[in-house]
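Everything below concerns the one structure shown next.
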Amino acid sequence: MIKESLHVSKKSKRHRVLPGYGLSMGYTVVYLSLIILLPLAVLFLKATTLSFSDFWRTVTDARVVASYKLTLSTSLVAALVNVVFGTLIAWVLVRYDFWGKRLADALVDLPFALPTAIAGIALTTLYAPNGWIGKYFDAMGIKVAYTPLGIMIALTFIGLPFVVRSVQPVLQDLDTQYEEAAATLGANSVQIFLKIIFPAIFPAIITGFALAFARALGEYGSVVFISGNMPMKTEITPLLIITKLEQFNYGGAAAIAAVMLLFSFILLFLINFWQWKTSNKQQHV
Amino acid sequence: MKKKLWMTIVSITLLLWVAGCSNQTVSNKTESNKSVKSEVELLNVSYDPTREFYQQFNKSFAAHWEKQTGQKVTIKQSHGGSGAQSRAVIDGLEADVVTLALAYDIDAIAKTGKISADWQKRLDNNSSPYTSTIVFLVRKGNPKGIKDWDDLVKKGVSVITPNPKTSGGARWNFLAAWGYALKKYNGDEQKAKEFVTKLYKNVPVLDSGARGSTTTFTEKGIGDVLIAWENEAYLALNQLGKDKFEIVNPSISILAEPPVAVVDQVAKKHGTEKVAKAYLDYLYSPEGQEIAAKNYYRPRDKQVAEKYLSQFPNIQLFTIDDQFGGWTKAQKTFFADGGVFDQIYKPQ
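Here the protein sequences line up with chains F and G, keeping their order.
Position 41 (the first sequence) corresponds to 41 in the working numbering; numbering is contiguous.
Position 159 (the second sequence) corresponds to 1159 in the working numbering; numbering is contiguous.
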């Protein structure tokens, strides 16, 4: 078995399916450098135009710290909500046939295609105290728009496709014979879900969670309309970056952006590590 | 063999495409240089609410210029938040002229050397051909009985205004309130600060831009009063219904002076210095003033102003230079990080 795979990999070095390894690798490196690495390098370079004490004062200002807390917590909650409902949607789309399934499937992608500002305005209109949904909440004494709850709804909206689209293909590939076998052996449906299905889709769920979370951290367009932008209360970090830019304070903006980037790097690294561990464990089982 | 051929074709196409792009810009440049005599193009980088105004103005200027010199002029417009537009010009957007909301935003461009430092003295009236002021928009019948700034700090009155940190227009609002308080308390800065702090405690939502605030007030039905530019208030009134809102003029307000300037470096490069200057001068002409007045900007020209007297009620107006010593100083005191606006929202 091992020998065979070695043989295959040796062979594939000579006869690759796609041609031009050198050229395509060259393109990859150039493209990644131009599109991702260089802009990030410039960002850090801009941040270094500040002295360290200025940098530190900027990124630890009480208002900025309040915005980190708000941005991180609302993004986290939104990603968790999406994990639950995104997985459910993926399940329904894969396992059941119903009228309008294709349409529902297409709807999932809309948050990707829609300009986020439009989404923000639409959500605000719905959830404002006199909006279609907002007025019922208002009657119960719950304010949605212009509170952290509103921010969370906007972030849930933009993050949904990530979870659904990560979990869906894995569920699709999951062979139902394992479930049938488990059922024959006397497992009940809860056991089947917990022991068979969930472990298989768990890495995909983590991926979806990571993507939705990372996307929410940087979201600006859809949130500025629904958040109300009250300092210390509903001010997200990207908004503070914009306010720095409005004062032509490029260094300060870059400093906060660098901190945000650091947060996402750490989080994505941790999540990737976690995912790597769980998928490793699975392979060993 | 076939595969290699494919790769070569793809590579060559890509190369040609890249080369084609750079060629195009070169040929464009030579073209515009050659055709200075028969045709010319201007880019006016402006801020958000002037879109309709400049559409009309550009038509009028193009006709005027062609009649005078025989040269055809096409004017392109770019609109956005004043600060963002200013940054775009600083970062290389090739505007021949800028027409922004605050002198501070043009000063920022001047710092890069693209505009000469004395720009504000080159045209009459601080280089601002039309003015505006800050007024209140209230719901029909004025249920909370709002008449002046004092009513905005009362308990239970909800005030809508955008965030001065992100919106140029909002800075005028802030300074208008501050100026009123200074007059009321005979120049006592501390009392003025208390007054404005009270006012901002009545603000439930700080939108990032002036249009956003207008939407919050008119569409979402939030707030009892919207602090707005006079021209924005009229636009809202005309578009959303006089049966729903009315304008209240405060006793004292600020003279908002949106400035204009030729971007020297760019105009020189494009060879458009003459036409760019004429474009701005035309804003001061009776025709230009008339178009401004029709778009609810207060004209500087006395004769035109008289004609539109009923549209622009008399409000006691103070200028930013007299009251605050110019934009650079006001920006630093009030809106820079750690400034008065930030202090208002400091956690207790």
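We put the beta carbon where it would ideally sit given N, CA and C, even for glycine.
- When only Cα atoms are considered, residue 221(F) and residue 1206(G) end up about 15 Å apart.
- Annotated three-state conformation of residue 1185(G) is coil, per DSSP.
- Taking C-beta separations shorter than 6 Å and ignoring five residues to either side along the sequence, the partners of residue 1312(G) in its chain run 1298, following chain order.
- Residue 125(F) and residue 1219(G) do touch by the CB rule: their CB atoms are close to 7 Å apart, below 8 Å.
- Among the residues of the segment 219–243 of chain F, those with a Cβ less than 8 Å away from any Cβ of chain G are 224, 225, 228, 229, 230, 231, 232, 239, 242, 243, in the order of the chain.
- The alpha-carbon of residue 111(F) is positioned some 38 Å away from that of residue 1042(G).
- By the Cβ-count criterion, residue 276(F) is exposed, with fewer than 16 other Cβ atoms from all chains shown falling within 10 Å of its own Cβ.
- By the beta-carbon neighbour count (other beta carbons within 10 angstroms, threshold 16), residue 1083(G) is buried.
- In this structure, residue 1256(G) lies away from residue 1161(G), with their beta-carbon atoms at least 8 Å apart.
- Closest option to residue 1200(G), judged by alpha-carbon separation, among 1314(G), 1236(G), 1158(G): 1158(G).
- Going by DSSP, residue 201(F) is part of no beta strand (DSSP E) but of the alpha helix (DSSP H) stretching over 198–218.
- Using a CB distance below 7 Å, the part of the segment 1163–1183 of chain G facing chain F consists of 1163, 1165, 1166, ordered along the chain.
- If you look at residue 1220(G), you'll find it isn't in any alpha helix (DSSP H); DSSP assigns it neither H nor E.
- Assignment of residue 158(F) by DSSP, reduced to helix, strand and coil, places it in the helix class.
- For residue 1346(G), the secondary structure class from DSSP, reduced to helix, strand or coil, is coil.
- Residue 1310(G) carries a coil assignment under DSSP once its states are collapsed to helix, strand and coil.
- DSSP places residue 1229(G) within a strand segment (E or B) once states are collapsed to three.
- Partner residues in the beta bridge of residue 1043(G), as assigned by DSSP, are 1076(G).
- The C-beta of residue 168(F) comes no closer than 8 Å to any C-beta of chain G.
- Scanning the segment 125–171 of chain F for uninterrupted alpha helix (DSSP H) segments of 4 residues or longer gives 134–139, listed from N- to C-terminal end.
- A straight-line Cα-Cα distance of about 44 Å links residue 218(F) and residue 1315(G).
- Residue 1244(G) has a beta carbon lying at 8 Å or more from every beta carbon in chain F.
- The alpha-carbon separation between residue 64(F) and residue 1044(G) amounts to approximately 36 Å.
- With the criterion set as a beta carbon lying under 8 Å from some beta carbon of chain G, the members of the segment 121–135 of chain F are 121, 124, 125, 128, 129, 130, 131, in sequence order.
- Contact residues of the segment 1222–1243 of chain G toward chain F are 1222 (C-beta to C-beta distance below 8 Å).
- If you draw a straight line from the Cα of residue 1216(G) to the Cα of residue 1194(G), it is about 26 Å long.
- Residue 212(F) is positioned such that its CB atom lies closer than 8 Å to that of residue 163(F).
- By the 16-neighbour rule on beta-carbons within 10 angstroms, residue 49(F) is exposed.
- Against chain F, the beta carbon of residue 1205(G) has neighbours under 8 Å at 146, 228, 229, 230, listed in chain order.
- Separation of residue 267(F) and residue 183(F) (C-alpha to C-alpha, rounded to the nearest whole angstrom) is 38 Å.
- Within chain F, no residue has its CB atom less than 8 Å from the CB of residue 1193(G), the nearest being about 16 Å off.
- By the C-beta density criterion, residue 1054(G) is buried, having at least 16 other C-beta atoms within 10 angstroms.
- Excluding five sequence positions before and after residue 117(F), the CB atoms of its chain that fall closer than 6 Å to its own CB belong to 221, given in chain order.
- At a cut-off of 8 Å between beta carbons, residue 257(F) makes no contact with chain G.
- Take the alpha-carbon of residue 1190(G) and the one of residue 156(F): they are about 44 Å apart.
- With fewer than 16 other Cβ atoms inside 10 Å of its own Cβ, residue 1125(G) counts as exposed.
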